[in-house]
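Protein chains in written order, with full-length UniProt numbering: chain C, 1 to 337; chain P, 1 to 337; chain G, 1 to 337; chain F, 1 to 337.
Accompanying notes for the structure given below.
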C-alpha cells in the first residue's frame, strides 16, 4: 500500500488528543490526515500545526475522504459500533480504543462482521500487551522454563477516581485491563468471575465500594485474583505476581521481571549500551530534529565536545604518570554561555 | 524552515546504520535523504527500503545535494573535523557522534569556527543527557532540595571489549562519557584528573590495564571518581551515586533515582498511567502503523474486545450477587485462531 | 521467684532439640533442668554437655521434679492437652508449641482451665509475632498513620513438604500461622474462611492439592487471602502485603517494611550503629564467651589491633599532606599466623 | 575451665553499660562478676539487679578478685595498655574494645607481650567481622567463585557527630573500621593510604572537614576507597561494593549480599523457616523467660491457641466444600481481654 498511513482520528478528547500528538510527534510512517469531533472547534484546535490535516464534524466525512487510509477511534465507547461498521466497509486498518463496544452482544456483531470480511482490520487498544514487562512475563510463560503457570495475583491501584466513577466502571474501565492481561498471559479464555466486597476506604466517593477483590478462573483452572483499589492515594500501581511450578515472577514495579527460582531472587542484567541507552538515543535524535525544525540547536554543544577532549588528554597523561593532572581550557566563546 | 528534516547520514557503520534505522522507523519529522560511506556498497545496503534516499561515496556530494538540509556524522572520529567545517559552511543542523574531533586542539578550532558563525549548529552525541535517570539526577541537583552536591561515585562497566581496545581508548571512548556526565551534573568544568592502576583482571586483553580508578575534581572542589571496568563479564552497568549535604541519590540501576534523605530510602511512585504506560502506547501505535503499512493487523483483536466485554458483564453481575459467575462466549470464528 | 528458670523440655524431637540448644547456648536467665522423651535414649542424647540436666521418660516425673520451675512442651500436638493440665496444676510458666491442642473443643477446655486458675500461665508458640517485620507491621497498623487497614495478601511458600503432608496439614500446620498473623495484625477474630483449589503443581505428592488460595474475612470485614504453596521449589517465603487507606506496606522480603504512601516508595533508614550492628555485638561477645569456655581465643587479634593503629597513623598523616602515605608494620609474630 | 565465664567489665560508660546489659540479658554461659569504674557510683548503678556482681573502683581489684576469670575492657583507649598487661599477666580471656591502644608503638608492645606469653588471650572489638553480611562477603572472596577480588568501594556515613569530633577521630574512630574490614575481606595488610579533601558540607562542625575520600591499597594491589561522611544527615550507612573478576557484590543495604554475575542480579533466597525465623524463636523464648522471671506470661495466649484451632477446623471444612465457612467461637473469658 502507500508508504505512509494517513490516519483519521475520531474523537479529539483526552485520549484522542494524546493519540494525535503521538502520531504527529513520535510515530514514524503515519500522519494525521483528519481529526473528527462533534465539537468542530475542538477538532480544529487539535490539528493546529499539523500540515495537511483537516478538521471534520463527522466520521462519515472522514471515511469518505480519499486522503484517509486508516482510522483511529477514540470516541466514547457507545459511538464505536457505528464507526467500526463504516470503517470495516471501507476495509481500512482500524485502531479502536477499548472497549470495542459497551456490551458483549454488540461486540459480537462486530466480530461477526469482521469474520465475514475474512481478514483482520481491527486492533483493540489494550496497550499493556505492548509494555516491555508484560511482554517479558508472557515470554517466560510461553518459554516454559519455570514450568506451568498456576496462580496470578494482580494489583490495580489508582490514587483516585474522576467524579461519577461508578462500581460498574470499576469493572468495565479498570478490571477490563486485567481481564485482557490474564487472557494474554495464559492464552486462555476466562471461565468465571467472583467479587468480594470488604472494608471500604473512607476515600471512596459516595456509592462506590473500594477496594474490591475480584476472583478469576481460566479454562484450565489457573486461579487469578485482582485487588482493584482506585482510591489508593499513594500513587499508581499495576503489578502482577505469577506463581509457577518452579518459580515466582513479579512485574510492574520497574526494573523488569523479578524472578525467584532455584534458591535465587533477582533479574536479568542489561547486556549492553543499546539496551540501556536505546531510548536515550531515540530521545536524543528526536530532540535534535525537533529543535532543528524550529531552526535551533540544543543538547551537548561543540564546547562540550572540546572540553571533554581536554579532559581525555589529561586523563591519558594521568594514566601514564599516576599524578594529578590539571585540565586547561581555552577561553569560552560567548555563544556557549 | 521546511516541515521535514532531510538528513544525510555520513558513515554507515554500526552507529551509522543504527541512526539510519532510528531516523526511518522511529523518528518523526525527519527522513533519511542520503547515506554516505567510502564503501558505496555499504551505503547502498543501508538505504534499502527507504524511499527517496540516495547512496553516496563522499560527504561533499551529500552536502552539495540540494535535497539535504541536515547532517548526522557517524564516521570514525579522525574524519569529523573536515566534514564539520563543510557542514558549518552550509549552515545546516549537525548531529555529530562523539568525539567532536580526536584531540582538544582540533576541537577548539571547530568551536571557534562555530563561534565565528555566531549561531549554534552542532550537537554532540552525548546521549546520556537524554536518559530519564540522568535528567532526573540533574534536576535534583538544580532544584537544590538536598543541599549542595559534594561527591559523585561513578561505575562504568562493560562485559568485555572489542579487540584492540587500548588503555587510551578506555579514557577516550569510555570515561569520556563520565567526563561529560560530571560536567552535566555539576554544571562545572573539570579541574583535574588522576588515575589509579590496581590489581588487573585476568580477563583483560594483552596491554590493557583493567579496571582503573579515575579521580576527578571540578572547579568548585566536587570530588568524583570513576571505576572504569571494561571486562567485568557480569553485564553492562553505568551507575552513579551522588552524596549531597542532605541525602544520597543513586541512578543507573533501574526504577528511577533512588534517594536516601531524612531517615527514608526509596523513590518516587509513578503518579499515573500516562507515566507508567506512555511508552507502551507509543509502541502500540507504532506496531499498528508498521503492520498496516504491510497490509496486516496484529495486536489485540476484535475477538479480544468481545471476550473482555463478556468478562465485564459477568464481573458486574458478580459484583452484585457475590456469587461465582460463569463467563459464556459465542463460538470463536476461525479468523481469530 | 528464683533468679533462673529451670526448664523441663517435653519432647526431644526436631523442635524440642532446637529449643534445648537455644535454652543452653543462646538464652540468658534460663537453664535446661530436664528433658523428657518416651525414647529415653533420645532424651539422654539431648542433655549431653548440659551440666545439671536430667533425662526422663515421662512428663509426670519432670513436673514432680522440685528442680523444675518451668516447662516447654514440644511433643506432637495430640499429647499437649494432658501435659498442659498437669503443668497448670503446678501453676508454672508454660511455653507450648502450636497447636495448643489438635482441635478447638479440647483447646477450649484448656482455655477454661487457665481462666479458672485466674492467671495466665500458657504462652503458645506463634513465633512470628516476635519477628521484627511482623512487629513493625503491627506497629504501623496500631499507630494508624496510614489510615484503616483494608486488605491483607499473604504468601506462604515452602520449597517442598515432608512425606505424608496431607491437605489437612496444609491448613493445620501451615495456614494456622497466617490465621494467627491475621488475628495479630488486625486485633480481630476471623469470621469466615473459604478455599479455592486451582491448577495443581506437578511437584505435589499424591493426594495433596497444591497450591491453594485461602480467602479470609475478619469481624470488621477486612479481606485477607493466603496463597499457600508448599512445593514451590524456589525457596522459602512468608510475606504479607497490606493495603491501607493511605498506603501499601510489604513485609517478608528482608530490609524491613517497604512502604508506599504519598507518592513515595521505600523504607526507614537504620538510624545508627546500635540498630545496624546490635546483633553483631551479641554474636561477637557470644563467640568470645564460647571460645573462652573452650580455653581459646578467636576473632580479631592483638595483631589486628596493632596493624589498624598503624593504618590510622598513616591516615592522619595522609590527611594532612594529601600524599600517598606508606603503612609500615613490624615483623608479625608466629602466634598470629 | 569453669562452666561459666565470670566477667569483669572495666569501664561503665556507654559501651561498657551496653556490654554489661548484653552479658546479663542476652549472652549465655557468661555472667557479670564485677564492674569497674573510676566513678564508683556509676559502677554501682551498673550492677543493679545483677545478683553476685560487685562494683569496684580499680581494674587491679577486679583482676585480683578470685571470682573473676575473664575481662572485658571498655574504658577510653588511653587506659587500655596498662589493663591489658595486667590481664595478660593473669592469663585470662580478654575482650578489648577498639582501639587496642591509641598508637601503633604501644599496640606493638602488647602484641609482643602476648606473643611472649605464647597463646592468644586478646580479642579486639572489631564487631563488623561478626555481621552476617560481612561474613558472607568474606565467604564469597575465599570461595573464589567470582574470581579475584579487584576493587572495594566503601561508604561509611553517620547522620552527625558528637561535639569535639576532630579530623583525627574521623580516621581513628571511624575509618579504623574500614581499615580492619579491608584487611578482613582481603586477608592482606594495607600498603598505603591517601586522603582527598573536597567540597565540605555546611553541616560539619567548625574545624572538621567532612566528607573525605580515603584511598587505600593492599599488599597485592587491591584498590579500595572509603567515602567517610559523618554529617550525612539522612541516616546511618555502612556499605561495601566489591568488584571481582567475574561479578560485583554489594553488602550493607539489608537483604544479604546482592550479587551481579553471569547476566543476573540478585541474591540468595532464604532456604527455610529456621533461617527466616531463627531469630524470632530466640526472641520468643527469651521473652517468655524474662516474663516468667517476673512472674508473668506474655505473648500468644491459650485463647490464641483455641481461636486458631477453630479457624483450622473451618478451613479444613472449607477445603472440602469450597463454600465460605463461618468460624464460631465460644465466649472469651475475661482473663484474655
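Don't be surprised by glycine CBs; every beta carbon is placed ideally from N, CA and C.
In this structure, DSSP gives residue 134(G) a helical state, which the three-state scheme calls helix. Within chain F, the residues 233, 234 and 235 have their CB atoms less than 9 Å from the CB of residue 261(P), given in chain order.
Taking a beta-carbon distance threshold of 8 Å, residue 282(P) counts as an interface residue toward chain C. Taking a contact to require three or more Cβ pairs closer than 8 Å, the stretch 156-175 of chain C and the stretch 311-321 of chain P qualify as touching. Judged by DSSP in its simplified three-state form, residue 189(G) adopts coil rather than helix or strand. Secondary structure at residue 220(P): coil, using DSSP grouped into helix, strand and coil.
Ranking 14(F), 251(F), 303(F) and 284(F) by CA distance to the CA of residue 136(F) puts 251(F) first.
Annotation: the continuous alpha helix (DSSP H) that includes residue 277(P) extends over 273-293. With a threshold of 16 other beta carbon atoms within 10 Å, residue 163(C) falls short and is exposed. Counting along the chain, residue 40(F) sits inside the alpha helix (DSSP H) bounded by residues 40-47.
At a Cβ-Cβ threshold of 8 Å, residue 306(P) and residue 84(C) do not count as neighbours. Its Cα nearest to that of residue 21(P), the residue 53(P) stands out among 3(P), 39(P) and 53(P).
The C-alpha of residue 120(C) is placed about 11 Å away from the C-alpha of residue 291(P). Around residue 268(P), the beta-carbon contacts reaching into chain G at under 7 Å are 263 and 264.
By the neighbour-count criterion, in which a residue is buried when 16 or more other Cβ atoms sit within 10 angstroms of its Cβ, residue 262(G) is exposed. By the criterion of a C-beta distance shorter than 7 Å, residue 66(C) is surrounded by no residue of its chain, once the five residues flanking it on both sides are discounted. The beta carbons of residue 199(G) and residue 283(C) sit about 43 Å from each other, so the pair does not count as a contact at 8 Å. Against chain F, the CB of residue 271(C) has a partner CB under 8 Å away; the residue lies at that interface.
Contact annotation: the stretch 72-89 of chain G touches the stretch 6-14 of chain G, with at least three C-beta pairs closer than 8 Å.
Straight-line spacing of the CA atoms in residue 33(P) and residue 140(F) works out to 56 Å. Residue 225(G) is bridged by DSSP to 153(G) and 215(G). Judged by pairs of C-beta atoms under 8 Å, the stretch 227-238 of chain F touches the stretch 235-253 of chain P, as three or more such pairs exist. In the structure shown, residue 100(C) falls within a coil segment according to DSSP collapsed to helix, strand and coil. The stretch 124-133 of chain P and the stretch 270-286 of chain C touch, with no fewer than 3 CB-CB distances between them shorter than 8 Å. Distance from the CA atom of residue 151(P) to the CA atom of residue 203(F), rounded to whole angstroms, is 15 Å. DSSP, reduced to helix, strand and coil, places residue 111(G) within a helical segment of the structure shown. Contacts with chain P (Cβ-Cβ distance below 8 Å) from the stretch 191-205 of chain F involve 196, 198, 199, 200, 201, 202 and 203, listed in chain order.
Among the residues of chain G, those whose CB is under 8 Å from the CB of residue 103(F) are 309 and 313, following chain order. Under the Cβ criterion of 8 Å, residue 250(F) is not counted among the residues facing chain G. Relative to residue 312(C), the option among 215(P), 187(P) and 247(P) whose CA is nearest is 215(P). Cβ neighbours of residue 224(G) within its own chain (closer than 6 Å, five residues either side excluded): 152, 182 and 216. Not a single CB atom of chain C sits nearer than 8 Å to the CB of residue 188(P).
Among the CB atoms of chain P, one or more fall inside 8 Å of the CB of residue 243(F). Between residue 209(F) and the set 167(F), 106(F), 154(F) and 29(F), the nearest pair of CA atoms involves 167(F). At a cut-off of 8 Å between beta-carbon atoms, residue 16(P) makes no contact with chain C.
Nearest neighbour of residue 175(F) by Cα position, chosen from 191(F), 4(F), 337(F) and 155(F), turns out to be 155(F).
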